Amino acid sequence: MIKNGYYGEFGGAYIPEMLYPAVEELRANYEEILASPNFQKEFQELLEVYVGRPTPLYFAKNLSQKAGCKVYLKREDLCHTGAHKINNTIGQILLAKHLGKKRIIAETGAGQHGVATATACALMGLECIVYMGAKDILRQAPNVSRMKMLGAKVVAAESGSKTLKDATNEAIRDWINHPESTHYIIGSVVGPHPYPDLVARLQSVISKEVKKQLLKYEGRDYPDYLVACVGGGSNAAGLYYDYLEDERTQIIAVEAAGKGLLSKETAATTQLGKVGIIHGSKTLLMQNTDGQITEPYSISAGLDYPGIGPMHAHLFTSKRATFMSIDDSEAMQAGLMLSQTEGIIPAIETSHAFAIFNHKKFEPDDVVVFNLSGRGDKDLATYIDYFKLDQQ
Ligand SMILES: *Cc1c(COP(=O)(O)O)cnc(C)c1O
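Counting from 4, one number per residue, gives the positions in the sequence shown under my numbering.
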């Protein structure tokens with residue numbers, strides 16, 4: 004699907020001259036390092052004994068009855084640190100080691116990528132600096148504490164909307180100033196080539212496991228539908244990866260509509276975005292008529308991003324994937340529904356995916372695999388406030 008760093012017309016590496024050597028060093032080496040037996044041995048071992056893979060593919064009996072189809076949940080919420088993000092950070096920290104880097108920087112929105120990066124750095128004994136929007140630092144306080152406990156330095160981004168895109172700008176600035184010593188661990192399938200491809204490959208362990216697990220449970224290694232929420236698109240890319248060329252499987256991507264598509268407080272990039280360049284990549288992003296990036300909004304910090312990875316922009320324009328947008332209130336209701344139907348409290352990001360039952364009917368025989376990208380511990384206060392559960 005990717006050719007010379009592009010997915011169709013999307014992707015590439017639109018970077019300042021001063022960043023070129025660092026990005027080029029990564030581009031020239033990543034495929035060879037990832038393919039090397041040394042890397043693969045270490046990566047697979049850590050995924051198994053440290054991350055806790057393979058994660059279960061759970062047949063959700065109660066939800067299936069309710070939904071009228073066969074629903075499976077890929078339990079990325081059971082990964083160490085509570086989400087899929089650790090698959091990528093463990094992979095990239097090993098890559099950084101192979102490249103001889105001593106210092107790690109990262110950006111984070113919900114704090115999940117920051118925690119996953121701080122965790123990998125603690126494991127490998129590398130210095131870790133995490134940039135985070137000042138607004139996100141406030142609304143994701145438990146994750147900030149976790150990063151500090153793990154020995155990372157958390158730096159607040161005070162510009163713009165004080166959220167993920169501003170943190171990303173700060174991290175890029177840092178990398179320009181320390182190109183030789185530092186590896187920048189990007190947390191999703193965004194940024195200049197080779198990041199979208201690198202992160203997608205590291206996350207593709209998800210779809211490789213689904214294939215084996217479905218074969219065991221269903222007697223066929225492909226589902227009828229794959230469903231994932233999309234912020235930048237890494238958990239979705241990981242779930243879709245080995246099925247991208249398999250037309251028997253339909254792909255559904257779920258974006259955050261925030262307070263609604265027409266509300267101007269939204270993060271539904273494919274519905275409202277136009278082609279532009281964000282963080283080094285040509286993709287779809289939300290912008291005003293002057294081409295200025297507009298402030299995104301979603302109740303979930305992890306989906307609160309004005310762009311989308313180039314792979315997903317291509318999946319959207321080529322119609323390989325169907326994109327749906329789900330607003331805050333539908334997502335919150337779906338999170339409550341999943342908690343009380345299956346005894347699994349999802350991250351609010353993930354909850355968006357489960358709201359598609361309001362909009363899409365499946366056939367009784369349809370096998371539908373949801374990526375349960377993360378657990379809801381970090382979002383408990385938001386759920387409790389929203390449903391006023393402490394007043395009952
Ligand atoms: C970060 C995050 C997301 C969104 O990021 P993607 O790169 O789109 O996967 C979704 N779910 C959870 C639980 C997250 O932590």
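Each residue gets a CB set at the ideal place from its N, CA and C atoms; glycine is no exception. Computed from a predicted model, the values in this text were never measured in an experiment.
Pairwise C-alpha distance: residue j and residue i
{"i": "S303", "j": "I351", "result": "6 Å"}
{"i": "A119", "j": "T252", "result": "30 Å"}
{"i": "H315", "j": "A240", "result": "8 Å"}
{"i": "T269", "j": "N41", "result": "44 Å"}
{"i": "M4", "j": "G11", "result": "8 Å"}
{"i": "I296", "j": "S162", "result": "14 Å"}
{"i": "L60", "j": "L375", "result": "10 Å"}
{"i": "A25", "j": "E183", "result": "7 Å"}
{"i": "Q68", "j": "D331", "result": "25 Å"}
{"i": "T185", "j": "N172", "result": "16 Å"}
{"i": "Y53", "j": "L29", "result": "25 Å"}
{"i": "Q343", "j": "R323", "result": "33 Å"}
{"i": "L141", "j": "I348", "result": "22 Å"}
{"i": "G294", "j": "S210", "result": "36 Å"}
{"i": "A144", "j": "K381", "result": "9 Å"}
{"i": "S164", "j": "D139", "result": "10 Å"}
{"i": "K151", "j": "G194", "result": "26 Å"}
{"i": "M289", "j": "A160", "result": "21 Å"}
{"i": "G234", "j": "C82", "result": "19 Å"}
{"i": "A174", "j": "F373", "result": "32 Å"}
{"i": "V278", "j": "E130", "result": "36 Å"}
{"i": "D393", "j": "I387", "result": "6 Å"}
{"i": "K73", "j": "Q395", "result": "34 Å"}
{"i": "Q216", "j": "D224", "result": "8 Å"}
Beta carbon of residue i nearer than 9 Å to that of residue j
{"i": "L66", "j": "L341", "result": "yes"}
{"i": "G261", "j": "P309", "result": "no"}
{"i": "V230", "j": "I359", "result": "yes"}
{"i": "T84", "j": "A109", "result": "no"}
{"i": "P8", "j": "H196", "result": "The question names Pro, but residue 8 in the sequence shown is Gly. Contact flag set, yes."}
{"i": "S148", "j": "G312", "result": "no"}
{"i": "I280", "j": "M21", "result": "no"}
{"i": "N238", "j": "G377", "result": "yes"}
{"i": "A384", "j": "S328", "result": "no"}
{"i": "T292", "j": "F13", "result": "no"}
{"i": "A63", "j": "E345", "result": "yes"}
{"i": "I36", "j": "L98", "result": "yes"}
{"i": "L126", "j": "I96", "result": "yes"}
{"i": "L167", "j": "D307", "result": "yes"}
{"i": "G71", "j": "K364", "result": "yes"}
{"i": "A256", "j": "S301", "result": "no"}
{"i": "Y134", "j": "A170", "result": "yes"}
{"i": "I107", "j": "Y187", "result": "yes"}
{"i": "Y17", "j": "K285", "result": "yes"}
Boundaries of the beta strand (DSSP E) in which residue i is found, first to last residue
{"i": "N374", "result": "370-374"}
{"i": "Q336", "result": "No beta strand (DSSP E) holds Q336; the alpha helix (DSSP H) holding it covers 331-345."}
{"i": "T2", "result": "Lying outside 4 to 395, the shown extent of the chain, residue 2 is not represented and no answer is given."}
{"i": "I254", "result": "253-261"}
{"i": "K277", "result": "277-281"}
{"i": "A160", "result": "156-160"}
{"i": "I107", "result": "106-111"}
Whole-Å CB distance - residue i paired with residue j, under 8 Å assumed
{"i": "L287", "j": "T273", "result": "6 Å"}
{"i": "R56", "j": "V208", "result": "7 Å"}
{"i": "G128", "j": "G305", "result": "Actually they are not in contact, since the Cβ atoms of G128 and G305 sit about 28 Å apart, beyond 8 Å."}
{"i": "T353", "j": "C232", "result": "6 Å"}
{"i": "F46", "j": "G94", "result": "6 Å"}
{"i": "M146", "j": "Q115", "result": "Per the sequence presented here, residue 146 reads as Asn, with Met not at that position. Confirmed, about 7 Å."}
Residue range of the alpha helix (DSSP H) that includes residue i
{"i": "L49", "result": "40-49"}
{"i": "K64", "result": "64-70"}
{"i": "A174", "result": "167-180"}
{"i": "L97", "result": "88-101"}
{"i": "I132", "result": "That residue, I132, is in no alpha helix (DSSP H); its beta strand (DSSP E) goes 130-136."}
{"i": "H355", "result": "351-357"}
{"i": "Q216", "result": "208-221"}
{"i": "L318", "result": "313-320"}
{"i": "Y246", "result": "Unbroken run through Y246: none, as it is neither H nor E."}
{"i": "K151", "result": "144-152"}
| request: State whether the stretch 152-165 contacts the stretch 66-78, with contact taken as three or more CB pairs (one from each stretch) at a distance under 8 Å. | output: no
| request: Report yes or no: do three or more beta-carbon pairs, one from the stretch 359-375 and one from the stretch 218-234, lie closer than 8 Å? | output: Three or more beta-carbon pairs separated by less than 8 Å link the stretch 359-375 to the stretch 218-234, which places the two stretches in contact.
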